[in-house]
Every structure is written in C-alpha cells, then in structure tokens.
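Q: Quick mapping for you: the protein sequence lines, in order, are chains A, B and C.
Per the working numbering, the very first residue in the first sequence carries number 1; after that it's consecutive.
Per the working numbering, the very first residue in the second sequence carries number 1001; after that it's consecutive.
Per the working numbering, the very first residue in the third sequence carries number 2001; after that it's consecutive.
Every residue, glycine too, gets a C-beta built ideally from N, C-alpha and C.
Below you'll find the structure I mean.
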Amino acid sequence: MKKKCFIGLMIISVALIGLVTVAPLSAAKTVKVGFVYIMSGPFSAYGQFAKQGAELAVDEINSKGGINGHKVEAYFEDSTGKPDVAIRAIRKLVFQEKVDMLIGLDSSGVAKTVVPSIPQMKTPLIITHAATPDVTGSVCNRYVFRISVNLAQNVKAGALLASETDAKTWTTIGPDYAFGHQSWEYFEKYLKQIKPDTAFLPRSEVAFPPFKTTDFSPYINKVMQSKADGVLVSLWGGNLIDFVRQGKDMGFFDGQRQILMTLGAATEVLTALGDKMPEGLWVGTRYWFLANDSAMNKNFVKAYKDRYGAYPSYNAHGAYAALYTYKAAAEKSGSINKEKIIDALEGLTVEIPIGTITIRPQDHQALTDATWGKTFADPNYPIRILKPIKIFKSTEVTPPVDKTGCKM
Amino acid sequence: MQVERWQHERAFDFARRKAAGKVKPPALQMAADPGPGRGSGPIYDLRLKVAVESFIINLLNGLSWGMLLFLISVGLTIRIIWGPGYHVVDPPAILSGVFSIFNQTYPVYRVFLVVAGPLIGLALWSFFQLTRWGKIIRAAAVDREMAEGIGIRVPILFTAVFALGTWLAAIGGALAAPHQSLAPSMGERIIIESFIVVVSGGMGSFPGAFVGALALGLFESFGTVFLGSAQMAVPYILLATVLLIRPHGFFGREL
Amino acid sequence: MRTDKPISTIIFSLAALAFLSASPFVLPVYWTLILTEILIMGLFAMSFNLLLGYTGLLSFGQAGFFGVGAYATALLISRGGNSLFLCLLISLSSGAAAAGVIGYFCVRRDEIYFAMITLAFGMMLFTVAHSWIKLTGGSDGLPLMSIPSVRMFGIEFSLFNPTNMFLFVLSVTSACILFLWRLVRSPFGLMLTAIRENKQRLSFVGAGVQNLRLAAFVIAGALAGVAGGLFSLFNSMATPDFMHWGFSARPVLMTILGGSNIFFGPMLGAAVFFGLEQVITNITENWMIFLGLILTPVVIFFPRGILGTLVHYLFKKKKIKP
C-alpha cells in the first residue's frame, strides 16, 4: 500500500514540476509592473478603480513608445486587505511574473506589516494609497516609496482646519486598526500644537468600530451622547458609506457638531452616496479631480471619463501617477535596473495630475499637497463636489524628516 | 432532519459562502441581525423578485447539484450585473425618515424592522404548528421512513423546505439592504451569526431562534458600548456558554 | 493491525525525502515557495486529522492554536529572540498549553457541539489577537523584523533564502510527521481509533475517554502550534486571520480532499489545494467558487477523499484490506 501511495505522490510531483518548468519565455524585453490592491470583498471598488487608472496609464505610455522604449505589461493581484495574502501576492509577482516594479497597497495595516519584508524581494514598491506614516517612518526602508498624501500630511491639514472652527472638544470615529488609531493620535498631536486649549475625549469615550462593522448606530449614539462638539471621522470606503447613511437618519449631521471627514471626498464614496452625502461638510481626499487646472490633470480627467464614464477617484489617480513616476525615474536613470530606479526615485521631481511632487530622499515620502474641501451640490455633476477647495501646500503639512522616525 | 440538513449544508457552505451575494445561508430558523442599540428582532421582508427567485429554485427539484450551480451562478451574476463595488438602496418612501420619541430621534425603518421581524416569525411558526403542510414537514423530520411509508414524497418536500429557507434568507437580505450597503460579500458576516443564533436558541425551535436572535442582538449592542474592543468576542462567548451549559440551546430538544 | 514491511516503508520514506530535498534546486523559486507552504499547511492538516480521522472529532478551532504558535514565535523574535530552536519550542508549548485549557471544556461535548464549541473558542482567541493591540499589533498583525538563521557546521544559512527556508521547513515537518506516524501506530493511537469507532464500548471497558480525547487535542494543538510558528517564519508575520474560523476551514478542506482515513491524506489534500489554486488563479480571480465546485462532488462521490478513494480502489482489485 505504501508503494502505491509513494508512487502516486511521485507521479503527481513530477507532473506538477513538468507543468511548472514549461514557463513561457518572453521574446522582446518588456517592462513588467505588478499592482497589488484590494480587488475583492467590501473594499474592492478601490482596487478596481486603481486598475482602471493603471490600465489607462499603461495604454497611454505604450502608445507613446513605452518606458525607455520597452512596452509596459501590467499584472494585477488581490491583497484582499490581509497582510498574509498580500505577501503571497507580492511573492507571486516578484518570483513568478518577475516584475520590475511593484505598485500598490490600499490598507495601512497591510502596508505596515508587509513593508519590512520588501527588501527581501529586492524590488522597489511605490505605495499609492496606504497612508500610515510608518512606511516612510518607523519601518521605512530603501525599497519602499510613497507618492500619495500620507496620514500625517492629511491630518495636519485637518488639524489646521479644525483650529479655525469653534469646536472646543474633539472626539473621533474611525476604523479599529492602524489607520483609525493613528489618524486620531496625529490629529490630537497637531491640534494641540496649534490650539493648546483644545480638549480631546479619552480613548474609552471615542469610537473605533471594527473594520467589518455594518451597523454603526451604537457608535453614532456614543458620539452623539458625548460632550464633544467636534468629530474627526477617519472611516473610509464601505464603512463611511454606511456611517453617513445611518448617521443622516439618526441626525448626526444636524449641525450641532463640527465634522471633519479625512477621506470623505473619495469618489467611490461620493458616487455611492449621491444625494445622501450632506452638504457643507469638510472632507479630505488624496486627490480631487477638479482641484488642479494643469493640462496634465485636465487630460487625465477627460481621458478617464471618456474611457470609464466616471470621474477618477484618488485610487485611480494613484496608480496612474505611480506609473508616470516610474517612467520619469527610468528616464532619469536611463535604465530599468531596480537599484538604479531606486536611486533615480530618490529626490525625483515629477509632474502628475495632482501637481508637481518631489520624493524626499531621506524617507522616500513624496512632498505633495493635501486637498480638502466642503461638500457642495452642483447640478452639473452627478455627485457632490468640493466647493470651496482648500489646498494645503506640502511645506505646511509635511512633517520634517527627524519627526518621522525614519532611519534608513 | 436538522442534523441531516446541517451536514448537507457543510458541504455546500463553502461554495455558497462565496456565492452568497444577496442570498444568505438557508436556515429554517431566522437570520439574525444585531440590534440597533435598542434591541431588535430578526428581520424579514417581502419582495416580488425574491418570490420569483424561490419559484425558480423550486423548479430545481431534487437536484442539489443543480441548486449549487444555481447559487453559484447567482453569485457570479450579481457580480457581473452590479459590479464588485457598493450599492445603496433606499427604504420605500413611507418607511423612511425619522420620528422622535423621548427626545431621541429614531429612524422609521428600524421600527418597521422591529415590527416586521416578529410578525414574519409568527407567520412562520404558525405555518409549522397549525397548517397541514407544516405538520407534514414536521412529521417527515421526525421519522422520515414512516412518512415515506404513508406516501409523502420526502425528497421533494425537503427540497421545498430548502427553497423556503433560501427564500427567507433572501428576504432577510432584502430587508437588510436599506440598512446596510450592498456588496457581494455581505453574506459572509451573517453566516456565523445565524449559526450562533440557531445553536443558542435550539435547533428545530422557532421561539428559540427568536430568543437567540434577541439575545445576540442585545449582547452585541450593549457589548459595543461597555466592552470596547472585547465586543467582538461576545457572540462567541454566548455560543460557548450555551454549548457548555445547555448544548441543545434555550428551547431545543435533545437530538 | 497493519502488516507493514518496515524495510520498504523506510526505504520509500527516505526516497521521498531525498526527492523533496532535491526539488528546490531544480524548481523555479516560486514553486519552492508554494511547496514550503504546502508542507506547513499539510502538517497543520495532519495534526487536524489526528482529531478527525483518528479520534473522530471535528474541530473547527485548530486555527486558534496555529495562530497561538505563530504569535508566540513572532513575539519571541520581536523581543530579541534569536534561536530557531527556542522559537519552535515556544510555538509547540504555547499551542499545547492553549489546547490543554480549551480542550478541557471542549472534549465534554460530542459531534456537532464539539465542532461548534471549538469554533467558539477559536474565535475567542481570534478576538484576543485582534483586540489586544498592545501585545499583538491588532488586526495589522505583527511583522517579524528579522528571522534567526540556521547555524550548522559552523556556517550560517539565512532563512530569507527560499531554498534554505524550504529545507528547514522540510526537516521540521518530517520530524513532526515521523512523530505522528509512531503515535498513531502506538497503543495510544489505537485507543483513539477505538474512540472514533465506539466510544461507549470503550468507556465500558474502563478507558478514560475524556482524558484520551484531551490528550489527542493537546497533541494536535501542539503540532498546530509548530505549524503556526513555521508559518510566521515563512511569511515574516503573524496576523489575527491565522486564528479565524475561515482559516480553520482549510485543514478541514484539505483533509476532505485528501481523505481522512489515510495517514498522508491531508498532506496530499494540501498539495491538491495549493496546486489547484495556482492553476485556477491563472485563469480567473474567483478561484474559490471553483474550489467549491470541485469540493462538492468530492464530498458527495468520494467521501473517502481523493487519496482514500484511490487506495480503496487499488485494494479492491487486490482484495487486501489496508
């Protein structure tokens, strides 16, 4: 019996090996880029929109001759929002597809846990969404870059806005993981610096609903019953959609409290909410399609709208911009060798639809502006837009390198 | 029969879990939803679309394999038609808006849920207790061979019950829709909660399921307020406690 | 009783081991990684099968012990631990300890109730991992900043290298499997099978059924802990998802696929599971649906699992009882 077992196992293994070593050899050298985003589950809209932005960029770049003359090929993998799935996806991209560059990561939690393993892969990663300061801070390393607005920058802008309101006591409602906790931590820190007499509710009185929550009413109640007259909302995606709908029903937005939503202007959210998004709320985003008049932005928005029938979300912009950043780095260094690209990315200044950014060499964080705005109903647009828009210059909001905790 | 169906379910569960968009796990007992802080009952609703769906399911008589494929294709179809993102549904006009009670505003829709749930539960219970068909089904559950001996076509009957269960699950989903945003994965969370409700309440018992759902809803809501981060464990603590003290649940009979 | 020919068993085991040891040198790196994962999950599934196939207990909470082992290793390393041996030891003992405490409550119940209560406790462990942020990093998990290396013959082998990692995992897994092999063939193992067959009779004869089950539970938990420790080393992280009941479903699936009544069934099931995943994800994103599609006929038509059915048919022809 054992004989048959082992022979059977061997046959299967040989068959598998055969399957596997028949790997296709590519003829012309193409530049391969691997994208890792949340493609399934409740937050899949983010990954899907990123994919759209990426594919638009790939087609545009290829039609103009590719990167350094090579055609670009994009591979998409699903992180499902879990760190162990993300690391498998990244391994697959690096070892099987043999990508030259990695772009992605939506979840701050995933990024924080995965980033320490990236140096093993010897492949650079440009982060376009995950905002935890740690990836360009406490766990920063040579291979990881971020071109999008990070939590520290976005929240600093929020704190500046908060200091201009009359709210005296602040509380928060955010997702119960790195992103929610750190948003609150940084908000407290920055607002205290600007307006020292502000009060903040203690940890036990603020609301951190778990990521999977669909019924926010107990948390909404908790916040409404508390003494706070200002609320920092760091919920995002499906959480934010549910929260706004339920909060609206419960009277959360009745004007008795000042509300700041750090990611309220994500088009994924605005589209799903439509008219249900209250007007006059200060909301932040990583990119707003109407905020920049540059030719590049106008072309991007038009091309995206023509191709996909919707306005580009910040995740779409992130993937699109990352690809153009990679192109710029490749042109600067004259090669697509991974180490040379890393050297080229450090200190690189490149124009992307949001504006011109410079990647700081000491922590690999892009110096980019933070965009906030007040929600406004405009009959020309199917979703709430931002009016007025307030842009915070990167110099106002980006923490200095020695405050980030990054030691490379 | 419950045991058999449960074991039957195990095999399908995995595939169904992924396929279940609006279709939630069929359980003869009611699908639970955590209460909105003031306690709520199980939730149900009626929708024409759902009725049509159940009719189609009925047609796949006796072919559990076919049923599985159907469920899977429903899941895939949902993804294809509506895309993987979120959608938002409004309650019908008469049920939206809020009203005030004791200085607290309260959405009308939730009150509707609190009322509708027990009503449907009552309807279900009376169906099984009082009508002829209900008695036939119970008879077949208690002693399948005898029922077959009398001439009841048990396989078809059970398939019909399975269909009824699926229909109820879909109703639950339809009711939940205005309350939560829709996404293809919305079935995943409710699976484990329905499971816990069924077990705590006792398999084979409607009043049990009602009590179980209430208990779960109340514990979860109060847990959110008082227990902070430990609140996630509450359903499981409830499950473990019930299993250790009284394994057949509040109202269940010894299997 | 089985009539083994010990020599042929040893020869074939050594041959298989040699074959596997050579594979990372010929396979592409990516498949070495997959094989490593198969070995780890296969060990996990085999520890699970000690409970299902041999003792007749379906546990839906094994992931809890797997996760405990994973976090134990992660915590040890984050506090500066540098010895692989210590990592494995702590994964094993923490898995065993957790299983001991939880098992005490679980073995009192049978069948479905056992499954559900193990699920409940597994999820309670999950909640601890998820919510005790100071200790476990919360839902983001704990990254392993460094991995201790293997020091042998005076040379240091870094486990960042996929080949080295694979060989390390292979040796640990083989040792555990050898242990399991001896265990199920010992009198203790036979008693476990007796529990599965006819529990009442066994207790009439005087064997302490609860204690036996608890012992089996603890051993399964210990091995699951080891698998968890290996997994956290492999992935350089420990996340609460390792303890979720969805993760517990994996060894169940692998065992069903492979066959619970054959010793190596779960390992084969793991190989099939990952092999299928790789093949199908090249075609579509929704591979889980196909898994369900494949699993359902397996459960209905091949209740003995793939390997089990294979063995059964092979023996039907030869009329030898396995």
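#1: Would a C-beta distance cut-off of 8 Å place Lys374 of chain A and Gly284 of chain A closer than the cut-off?
#2: Using a threshold of 8 Å, state whether the C-beta atoms of Ala50 of chain A and Gly318 of chain A are closer than that.
#3: Quick one: what's got a C-beta closer than 6 Å to Ser138 of chain A's C-beta in the same chain, skipping five residues either side?
#4: Name the chain B residues whose beta carbon is nearer than 8 Å to that of Met2124 of chain C?
#5: Tell me the residue span of the alpha helix (DSSP H) that contains Arg146 of chain A.
#6: Tell me whether Phe2085 of chain C is buried or exposed, calling it buried when 16 or more other Cβ atoms sit within 10 Å of its Cβ.
#7: Is the region 321-337 of chain A in contact with the region 371-385 of chain A, if contact means three or more CB pairs nearer than 8 Å?
#8: Work out the CA separation of Ala57 of chain A and Leu323 of chain A for me, nearest whole Å.
#9: Assuming Gly2189 of chain C and Leu2119 of chain C are in contact, meaning their beta carbons sit under 8 Å apart, how far apart are those beta carbons, in whole angstroms?
#10: Compare the C-beta of Ser2174 of chain C with all C-beta atoms of chain A and state if any pair is closer than 8 Å.
#11: With a threshold of 7 Å on Cβ separation, who are the neighbours of Ile383 of chain A within its own chain once the five nearest residues in sequence on each side are excluded?
#12: Give me the chain C residues within the contact set of Phe95 of chain A, using Cβ-Cβ distance strictly less than 7 Å, ordered along the chain.
#13: Which residue's Cα is closest to the Cα of Ala265 of chain A: A:Ser79, A:Asn154, A:Pro116?
#14: Could you give the DSSP three-state label for Met261 of chain A: helix, strand or coil?
#15: Starting from Thr128 of chain A, trace the beta strand (DSSP E) both ways and give me its first and last residue.
#16: Excluding the 5 residues flanking Gly2308 of chain C on each side, which residues of the same chain have their C-beta closer than 8 Å to its C-beta?
#17: Could you tell me which residues DSSP puts in a beta bridge with Ala459 of chain A?
#18: How big is the Cα-Cα spacing for Phe1219 of chain B and Thr2173 of chain C?
#19: State the CB to CB distance for the pair Phe2217 of chain C and Phe2066 of chain C, rounded to an integer number of angstroms; the pair is presumed to be in contact (CB under 8 Å).
#20: For the beta strand (DSSP E) holding Gly355 of chain A, just list the boundary residues, first then last.
#21: Using a Cβ cut-off of 8 Å, which residues of the region 2106-2125 of chain C contact any Cβ in chain B, in chain order?
#22: Please return the same chain residues whose Cβ sits closer than 6 Å to the Cβ of Arg2108 of chain C, not counting the five positions on each side in sequence.
#23: Output needed for Arg2213 of chain C: all residues of its chain with C-beta closer than 7 Å, excluding positions within five of it in sequence on either side, in chain order.
#24: Tell whether a beta-carbon distance below 8 Å holds between Gly230 of chain A and Thr165 of chain A.
#25: Starting from Met408 of chain A, trace the beta strand (DSSP E) both ways and give me its first and last residue.
#26: Counting Cβ pairs, one atom from each stretch, are 3 or more of them under 8 Å apart for the region 199-206 of chain A and the region 217-233 of chain A?
#27: Does any C-beta atom of chain A lie closer than 8 Å to the C-beta of Thr1224 of chain B?
#28: Within 10 angstroms of the Cβ of Ser2094 of chain C, are there 16 or more other Cβ atoms? Answer buried if so, exposed if not.
#29: Note down, in chain order, every chain A residue with its Cβ under 7 Å from the Cβ of Ser1221 of chain B.
#30: Give me the subset of the region 78-91 of chain A whose CB atoms are less than 7 Å from a CB atom of chain C, sorted by chain position.
#31: Can you give me the Cβ contacts of Phe1127 of chain B inside the same chain, cut-off strictly under 7 Å, excluding the 5 residues immediately before and after it?
#32: Kindly indicate which residue of A:Ala207, A:Leu232, A:Glu97, A:Pro388 has the alpha-carbon position closest to the one of Ile220 of chain A.
#33: In three-state DSSP terms, what is Trp170 of chain A?
#34: Hey, is Asp249 of chain A's beta-carbon within less than 8 Å of any beta-carbon in chain B?
#35: Starting from the Cα of Val94 of chain A, find the closest Cα among C:Phe2121, C:Leu2276, C:Pro2162 and give me that residue.
A: Answer, in terms of the structure:
#1: Result no, Cβ atoms of Lys374 of chain A and Gly284 of chain A do not sit closer than 8 Å.
#2: Contact flag set, yes.
#3: The residues are Gly405.
#4: Residues of chain B passing the Cβ test: Ala1233, Tyr1236, Ile1237, Ala1240.
#5: Unbroken run through Arg146 of chain A is the beta strand (DSSP E), 144-146; no alpha helix (DSSP H).
#6: It is exposed - the Cβ of Phe2085 of chain C has fewer than 16 other Cβ atoms within 10 Å.
#7: No, the region 321-337 of chain A is not in contact with the region 371-385 of chain A.
#8: Leu323 of chain A and Ala57 of chain A have their C-alpha atoms roughly 7 Å apart.
#9: About 26 Å; that fails the 8 Å criterion.
#10: At a cut-off of 8 Å, the C-beta of Ser2174 of chain C has no neighbouring C-beta in chain A.
#11: If the five residues before and after Ile383 of chain A are omitted, its C-beta is found closer than 7 Å to the C-beta atoms of Thr267, Leu270, Thr271, Gly274, all from its own chain and listed in chain order.
#12: Neighbours of Phe95 of chain A in chain C, taken as residues whose beta carbon is under 7 Å from its own, are Val2029, Tyr2030, Leu2033 in chain order.
#13: Nearest C-alpha to Ala265 of chain A: A:Asn154.
#14: Of the three classes helix, strand and coil, the one that applies to Met261 of chain A here is strand, per DSSP.
#15: No beta strand (DSSP E) contains Thr128 of chain A, which DSSP labels as neither H nor E.
#16: For Gly2308 of chain C, where only same-chain residues beyond five positions count, the Cβ hits under 8 Å are Gly2258, Gly2259, Ser2260, Asn2261, Ile2262, Gly2265, Phe2302.
#17: Nothing about residue 459 of chain A can be read from this structure; chain A reaches only from 1 to 408.
#18: Cα atoms of Phe1219 of chain B and Thr2173 of chain C: separation of roughly 43 Å, rounded to the nearest angstrom.
#19: In fact, because the Cβ distance is near 14 Å, the residues do not count as touching under 8 Å.
#20: Counting along the chain, the beta strand (DSSP E) containing Gly355 of chain A begins and ends at 355-359.
#21: Of all residues in the region 2106-2125 of chain C, Arg2108, Arg2109, Ile2112, Tyr2113, Met2116, Ile2117, Leu2119, Ala2120, Phe2121, Met2123, Met2124 have a Cβ within less than 8 Å of some Cβ in chain B.
#22: If the five residues before and after Arg2108 of chain C are omitted, its C-beta is found closer than 6 Å to no C-beta atom of its own chain.
#23: Cβ neighbours of Arg2213 of chain C beyond the five flanking positions: Thr2055, Leu2057, Val2107, Ile2195.
#24: For Gly230 of chain A and Thr165 of chain A, yes; Cβs fall inside 8 Å.
#25: Per DSSP, Met408 of chain A is not a residue of any beta strand (DSSP E), being assigned neither H nor E.
#26: Touching, yes, given that three or more Cβ pairs across the two stretches are closer than 8 Å.
#27: Yes, Thr1224 of chain B lies at the interface with chain A (some Cβ there is under 8 Å from its Cβ).
#28: Buried.
#29: Ordered by position in chain A, the residues that pass the 7 Å Cβ test against Ser1221 of chain B are Pro218.
#30: Residues Asp78, Lys82, Pro83, Asp84, Ile87, Arg91.
#31: Here the set comprises Gly1134.
#32: Out of A:Ala207, A:Leu232, A:Glu97, A:Pro388, A:Ala207 has the C-alpha closest to the C-alpha of Ile220 of chain A.
#33: Trp170 of chain A falls in the strand class under three-state DSSP.
#34: Judged by the 8 Å Cβ criterion, Asp249 of chain A is in contact with chain B.
#35: Looking at the Cα atoms, C:Pro2162 is the closest of the given residues.
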